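There are 2 protein chains.
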Amino acid sequence: MTATRRPTLADVAREVGVSAKTVSRVLNEDGPSSPETRRRVLEAVAKLGFQPNLMARSMRVGGPDTTVGLVVPDLGNPFFGAVAGGIEDAVHGHGLTLLMGSSDDDPEREHALIRTFLARRVSVLMVAPAVGADHAHLKSHRAAGMPVVFLDRPGNGLTTDTVVSSNRAGTQEGVAHLIAGGHRRIGFIGDLPARLYTRRERQAGYRAALAGAGLPHDRGLVADAHDPAGAAEATARLLALPDPPTALLSGNNVMTIGVMTELSRSGRKDVAVVAFDDVPMAGILEPALTVVAQNPVTMGESAGAAALERLGGDRGRARTILVDTRLVPRGSGELPPPARTR
Amino acid sequence: MTATRRPTLADVAREVGVSAKTVSRVLNEDGPSSPETRRRVLEAVAKLGFQPNLMARSMRVGGPDTTVGLVVPDLGNPFFGAVAGGIEDAVHGHGLTLLMGSSDDDPEREHALIRTFLARRVSVLMVAPAVGADHAHLKSHRAAGMPVVFLDRPGNGLTTDTVVSSNRAGTQEGVAHLIAGGHRRIGFIGDLPARLYTRRERQAGYRAALAGAGLPHDRGLVADAHDPAGAAEATARLLALPDPPTALLSGNNVMTIGVMTELSRSGRKDVAVVAFDDVPMAGILEPALTVVAQNPVTMGESAGAAALERLGGDRGRARTILVDTRLVPRGSGELPPPARTR
DNA sequence: TTGAAAGCGCTAACAG
DNA sequence: CTGTTAGCGCTTTCAA
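Chains as they are written, first to last, in our numbering: chain B, 446 to 787; chain X, 446 to 787.
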């Protein structure tokens with residue numbers, strides 16, 4: 446079997462007996478064309494199975510490629526999947542397609558992906574930055590008219606449109622919810638590295654809630670992990686303290702799996718929990734899991750909308766779009782602390 | 446602020462005082478070049494921040510675009526996110542990038558996306574087909590050397606490499622597990638439309654297990670839904686039958702949410718459940734959820750590997766790659782049926 | 001070791 | 001209403 450060449454504009458033109466430009470006109474509904482020519486061109490297009498080469502078109506038009514380059518840390522994380530879905534919804538009506546890659550939270554891979562995307566002349570670049578990545582090199586590209594949007598986390602060395610969850614306020618609300626329920630010793634299980642933006646913000650919200658209630662901030666109640674197993678260990682460690690927490694705030698969906706697994710394993714149904722980020726079966730757990738829900742689809746849509754405005758010529762100053770989180774009380778956050786023995 | 450033009454090969458050449466071809470040679474390590482020239486070129490490239498235009502390159506070379514076009518029904522579904530991650534892992538080392546879009550299980554949108562991808566001259570096309578979509582029109586493209594791979598579901602009207610889960614055998618194993626536990630009336634909660642490939646296969650596995658055990662196939666124990674709420678209703682309906690099932694097989698992750706929600710709501714801890722497709726917190730539910738786990742990452746990797754072989758010149762006949770599922774007993778599938786009153 | 005010319009598939013600009 | 005010419009940014013081909 447021999448690879449057959451794909452038909453070009455010229456092939457269609459030859460078939461019909463007109464010039465390439467005429468075919469182009471018909472196809473792009475650019476300029477006038479006689480109904481008769483039109484008909485014959487379309488016929489030939491169908492007959493030959495011609496499909497215009499978008500690369501060639503973009504190139505000649507001089508505009509960027511009709512793609513949105515998106516770099517996320519992990520394609521497998523449903524959070525980023527939902528974000529991607531939101532972006533696609535926002536832009537696909539404008540003829541833009543998603544070009545995606547995973548950085549695996551590695552600045553090198555992120556940089557490589559960005560380079561590839563730039564080389565492809567994407568219309569828009571969206572990045573959920575890896576920890577430690579630098580983005581100063583994108584300045585010139587943004588100046589050249591390519592919108593850059595940071596997602597979930599701000600970038601480094603570049604001030605541009607950024608879409609993030611209300612991490613701090615959301616966590617603060619979650620912790621306040623626990624405090625309102627009578628808890629005074631509340632643990633925080635955060636992800637690593639500790640300098641990750643979302644981790645820092647959520648922990649700041651945790652501290653703010655404690656401060657707001659006049660509660661002391663016990664550094665010993667803050668634990669770290671970078672996977673569910675680690676989160677489970679961290680949970681066990683906190684609960685084994687001499688004066689253990691009566692409630693926990695889980696810093697993200699991955700931590701939550703570990704926290705809940707450990708509570709389930711040890712049969713501790715008396716520990717109140719609020720988890721940051723919603724999870725599918727939260728309502729079925731026992732007790733049902735109270736969460737601070739994020740809105741990843743909205744985040745994606747906002748990012749898409751912002752990018753489209755920039756493409757439309759908006760040169761205003763960079764905006765930070767805060768997408769609201771929402772406290773969803775389901776039970777686990779409403780557990781009262783055990784009666785105090787004093 | 447005025448949009449500054451991006452530097453081209455010619456700009457670099459002018460800067461250095463050589464021809465464009467020389468710059469091209471240095472950059473692509475094609476043909477010889479003097480160390481001195483080389484140095485000056487690289488210097489100018491760095492100075493101007495030149496990045497070769499990949500579109501122009503692909504076009505001139507005549508080869509396809511360095512992308513893998515992937516169409517999935519729903520970007521937000523973690524299953525497809527994981528599949529995409531697997532594909533990316535497999536191909537990114539070969540210089541390929543993922544171009545993704547959601548069809549929303551709508552054949553029209555799927556077709557539009559495929560058209561866009563073809564127009565972009567993707568190197569590979571991967572599709573998780575929408576119900577009712579036709580793919581005969583891809584024949585010529587495959588003949589022209591573009592690998593086409595179907596994912597999760599076979600395509601229509603085109604025989605080509607296909608990667609699917611062992612839906613039938615997996616479900617059969619799950620149902621056999623329930624039967625081995627003593628269940629004789631087992632309900633099946635499947636997704637709609639009923640002619641969806643995965644639904645049909647899984648239901649066939651269900652029937653095969655019943656037949657294998659000499660159990661009657663009661664059509665009344667099979668229910669449908671297309672979202673969690675519907676699955677919850679379907680579950681309630683089955684359990685309200687005069688002679689209700691003592692065990693349920695949930696046909697996919699979305700159904701599972703509804704099934705478990707209803708069991709939780711009604712406090713029915715006596716109904717055995719096996720769910721097709723694993724879910725994050727399955728182990729924490731009470732009882733812990735027994736599942737037939739799929740392997741989406743492996744599916745993506747297999748698809749990627751198959752595509753790469755085709756790109757490498759493999760013209761062998763189309764293969765169907767069955768990715769094994771795995772029964773993960775966790776408790777809910779091991780519940781015995783209630784003692785029979787006769 | 002380097003350069004000049006041609007051309008990938010398409011469209012902008014101008015004629016006719 | 002239609003055609004011609006030129007050129008997007010790059011690489012191939014051939015010549016120097």
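Cβ coordinates follow ideal geometry from the N, Cα and C atoms, glycine included.
These numbers were taken from a predicted model, which means no experiment stands behind them.
- Taking 8 Å as the upper bound for CB-CB distance, G650 (chain B) and V620 (chain B) are in contact here, some 7 Å apart.
- Just so you know, the alpha carbons of R775 (chain B) and G728 (chain B) end up roughly 7 Å apart.
- Burial of V594 (chain B) is indicated by the presence of at least 16 other C-beta atoms within 10 angstroms of its C-beta.
- If you look at F524 (chain B), you'll find it in the alpha helix (DSSP H) that goes P523 to V536.
- The beta carbon of N697 (chain X) lies closer than 6 Å to those of D636, F721 and D722 in the same chain, with the five residues before and after it left out.
- If you look at D688 (chain X), you'll find it isn't in any alpha helix (DSSP H); DSSP assigns it neither H nor E.
- The shortest CA-to-CA distance from A491 (chain X) to any of X:G514, X:V768, X:D510 and X:A458 is the one to X:A458.
- A distance below 6 Å between beta-carbons, with the five flanking residues on each side excluded, links F524 (chain B) to the following residues of its chain, in chain order: P741.
- Along the segment 449-477 of chain B, the positions whose C-beta sits under 7 Å from a C-beta of chain X are T449 and R451, read in chain order.
- For M705 (chain X), the enclosing alpha helix (DSSP H) starts and ends at N698 to R710.
- By the rule that beta-carbons nearer than 9 Å mark a contact, Q496 (chain X) touches chain B.
- Counting every other CB atom within 10 Å of its CB across the protein chains shown gives A654 (chain B) a total of 16 or more, marking it as buried.
- Relative to the Cα of H628 (chain X), the nearest Cα in the group X:M545, X:R652 and X:P783 belongs to X:P783.
- T512 (chain B) sits in a strand when the DSSP states are folded into three classes.
- Here E488 (chain X) is exposed. Its C-beta has fewer than 16 other C-beta atoms within 10 Å.
- Rounded to whole angstroms, the separation of the alpha carbons of T542 (chain B) and E754 (chain B) is 17 Å.
- Per DSSP, T743 (chain X) is one residue of the alpha helix (DSSP H) stretching across P741 to L756.
- Take L683 (chain X), set aside five residues on each side of it, and the residues of its chain with a beta-carbon closer than 6 Å to its own are G632, A668 and P690, in chain order.
- Along the length of the segment 580-652 of chain B, whole beta strand (DSSP E) runs at least 3 residues long occupy 593-596, 606-610 and 631-636, reported in chain order.
- Taking 9 Å as the threshold, the shortest C-beta distance from N698 (chain X) to chain B falls below it.
- Residue environment analysis places P518 (chain X) among the buried positions, since at least 16 neighbouring C-beta atoms fall within 10 angstroms of its C-beta.
- Between the segment 479-486 of chain B and the segment 473-483 of chain X, the count of Cβ pairs shorter than 8 Å is below three; the stretches do not touch.
- Taking 9 Å as the threshold, the shortest C-beta distance from D550 (chain B) to chain X does not fall below it.
- Between V737 (chain X) and R771 (chain X), the CB-CB gap stays under 9 Å.
- Remark: three or more beta-carbon pairs, one from each stretch, lie closer than 8 Å, so the segment 592-606 of chain B and the segment 746-753 of chain B are flagged as touching.
- Around the CB of E553 (chain B), fewer than 16 other CB atoms lie within 10 Å, so the residue is classed as exposed.
- The CB of D510 (chain X) comes closer than 8 Å to the CB of M500 in chain B, given here in chain order.
- Within a 10 Å sphere around the beta-carbon of V569 (chain B) sit 16 or more other beta-carbons, which makes this residue buried.
- Neighbours of I702 (chain B) across chain X, judged by C-beta separation under 7 Å: P725 and M726.
- Contact between L515 (chain B) and V576 (chain B) does not hold, since the beta-carbon distance rounds to 18 Å and is not under 8 Å.
- Contact between V513 (chain X) and V567 (chain X) holds: their C-beta atoms lie close to 6 Å from each other, under 8 Å.
- Rounded to whole angstroms, L493 (chain B) and A455 (chain X) show a C-alpha spacing of 37 Å.
- DSSP places R771 (chain B) within a strand segment (E or B) once states are collapsed to three.
- Taking a C-beta cut-off of 9 Å against chain X, the contacting residues of the segment 746-764 of chain B are R760, listed in chain order.
- Of the residues assessed, A639 (chain B) falls on the exposed side of the cut-off, its CB having fewer than 16 other CB atoms within 10 angstroms.
- With respect to E646 (chain B), T605 (chain B) sits apart: the two C-beta atoms are not nearer than 9 Å.
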